[in-house]
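Numbering (UniProt numbering), first residue to last: 1 to 87.
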């Protein structure tokens, strides 16, 4: 998402299956940040495992205008997830 080699990225793996993801840091620039800065409306649909609501990695803090999906790693692996979110 940031365009960095995994050896230089903030998120370097899955922290835990309990949903405790490693969130992106506030200064991490994503592709969505760059696109939004030149006028694009950005969206993500699916799984966002880079920071849950209330963390520094929340997708709305990293350039995404719209989100529909699952915000953490643990819920993404349920066949019928109960935490599908929209915006």
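Even for Gly, the Cβ is constructed at its ideal location relative to N, Cα and C. Since the structure is predicted, the reported quantities are computational estimates derived from the model, not experimental observations.
Spatial neighbours of residue i within its chain, please: C-beta separation below 8 Å, excluding the five flanking residues on both sides.
i, result
"residue 83", "70, 71, 72 and 75"
"residue 34", "63"
Could you pull the start and end residues of the beta strand (DSSP E) that residue i belongs to?
i, result
"residue 97", "Coverage of the chain is limited to positions 1 through 87, which leaves residue 97 absent and any answer about it impossible."
Mind checking whether residue i and residue j have CB atoms under 9 Å apart?
i, j, result
"residue 54", "residue 24", "no"
"residue 31", "residue 59", "no"
"residue 66", "residue 40", "no"
Can you name, in chain order, every residue of its own chain whose Cβ lies under 6 Å from the Cβ of residue i, other than the five neighbours on each side?
i, result
"residue 68", "45 and 86"
Run through the DSSP bridge pairs and tell me what residue i is partnered with.
i, result
"residue 69", "46 and 85"
Going by DSSP in three states, residue i sits in which element: helix, strand or coil?
i, result
"residue 35", "helix"
"residue 76", "helix"
Is residue i near the ligand ADP, judged by its Cβ being under 8 Å from some heavy atom?
i, result
"residue 82", "Of the ligands one can find in the structure shown there are none, so the ligand ADP has no counterpart to examine."
Near residue i, which residues of its chain fall below 7 Å by C-beta distance, leaving aside the five closest residues on each side in sequence?
i, result
"residue 81", "70 and 75"
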